[in-house]
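Novice: Got a structure for you, questions after.
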Amino acid sequence: MTTLLHESIKCSVCKQKSDQRVIGSTNTLGSMDTDTRPPEMERSTMPYWVQKCTHCGYCSLDLSNEIDGAKKNIKKDEYISILNNKAYPKLARQFLCNAYLLKESKEFRSAGYTYLNAAWVCDDENMKPESIFCRKQALKMFDLNIENNKELSSEDICSERLLMTDIARRAEMFEQAYSHKLDGYEKTEDNVLIKIFDFQEKLIEKKDSGCHNVEEVNL
């Protein structure tokens, strides 16, 4: 069961308060997708994963916390353009704005997941080109995270490559998906990861860009 609460949250950027709906509790039943998207009921709480200040347009998972540089970056033309780009659903725009701010503050992994969230919104609206764009941005962020985070363990990198394999496959970038698969597969000894990599390889061979869940892997 999901419970939602109404809260008046003070924006960390403009210091104004706005009413926001936040998740009090939720649950999951079933298997997550192979790109980590959760099953119901958490799946349906996505509209409440990101907040937008109604005064200054700041978009964040939590308006009370300021992303580094946000006060300056929300005034940039690029941010304003994303916020007002009606080619994307409103919720996707909020995720894209949040991802832009995270990217600018060099929080690449968080930016990657937030671009992926935007892709899920586009998936639900059957907006294939837009979802592919969001996934391509997510891939760039995860690549930057691996390049810039020297503290990542080998298993962390393998898990990241597994996610990137799925993201690239869903974006119909099958050669890149196979490259991520090879890189991760050769470095891991985790049997669960190996089985999911094998499952992904079969999908890549069939040029299957559809949504699949972990239950299909028969772990």
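Residue numbers for the sequence shown, in the numbering used here: 58 to 276. A virtual CB, placed ideally from N, CA and C, is assigned to each residue, including glycine.
(1) Contact between the region 146-154 and the region 93-107: three or more CB pairs below 8 Å?
(2) Name the two residues that bound the continuous alpha helix (DSSP H) containing residue 178.
(3) Can you tell me where the alpha helix (DSSP H) holding residue 253 begins and where it ends?
(4) Could you spell out the range, first to last residue, of the alpha helix (DSSP H) harbouring residue 233?
(5) Where does residue 188 land, buried or exposed, given buried means 16+ other C-beta within 10 angstroms?
(6) How would you label residue 126, buried or exposed, when you count the other beta carbons within 10 angstroms and need 16 or more for buried?
(7) Count the C-beta pairs between the region 157-174 and the region 202-209 that are closer than 8 Å, then say yes if the count reaches three, no if not.
(8) To the nearest angstrom, how far is it from the Cα of residue 68 to the Cα of residue 276?
(9) Spell out the partners DSSP gives residue 270 in its beta bridges.
(10) In whole angstroms, what separates the C-alpha of residue 146 from that of residue 223?
(11) Using only CA atoms, which one of 138, 241, 227 and 218 lies nearest to residue 260?
(12) For the beta strand (DSSP E) that residue 148 lies in, which residues bound it at each end?
(13) In whole angstroms, what is the alpha-carbon distance linking residue 150 and residue 122?
(14) Alpha carbons only, please: which of 237, 232 and 233 is nearest the one belonging to residue 217?
(15) In this structure, what does DSSP give as the bridge partners for residue 227?
(16) Grab the span of the beta strand (DSSP E) containing residue 138 for me, first residue to last.
(17) Could you pull out every residue in the same chain whose Cβ sits closer than 7 Å to the Cβ of residue 249, ignoring the five residues on either side in sequence?
(18) Can you give me the Cβ contacts of residue 85 inside the same chain, cut-off strictly under 6 Å, excluding the 5 residues immediately before and after it?
(19) Could you have a look at residue 56 and say whether DSSP puts it in helix, strand or coil?
(20) Under a three-way DSSP split, which group does residue 85 fall into?
(21) If the criterion is Cβ atoms closer than 7 Å, does the pair residue 113 and residue 71 meet it?
Specialist: To lay it out plainly:
(1) yes
(2) 165-181
(3) 248-262
(4) Start and end: 231-242.
(5) It counts as buried.
(6) exposed
(7) yes
(8) 44 Å
(9) Within the DSSP bridge table, the entry for residue 270 names 90 as partners.
(10) 23 Å
(11) 227
(12) Careful: residue 148 lies outside any beta strand (DSSP E), inside the alpha helix (DSSP H) at 147-161.
(13) 19 Å
(14) 237
(15) In DSSP, residue 227 forms no bridge with anything.
(16) Unbroken run through residue 138 is the alpha helix (DSSP H), 134-140; no beta strand (DSSP E).
(17) 276
(18) So the qualifying residues of the chain are 95, 96 and 99.
(19) Absent from the structure is residue 56, since the part of the chain shown begins at 58 and ends at 276.
(20) strand
(21) yes
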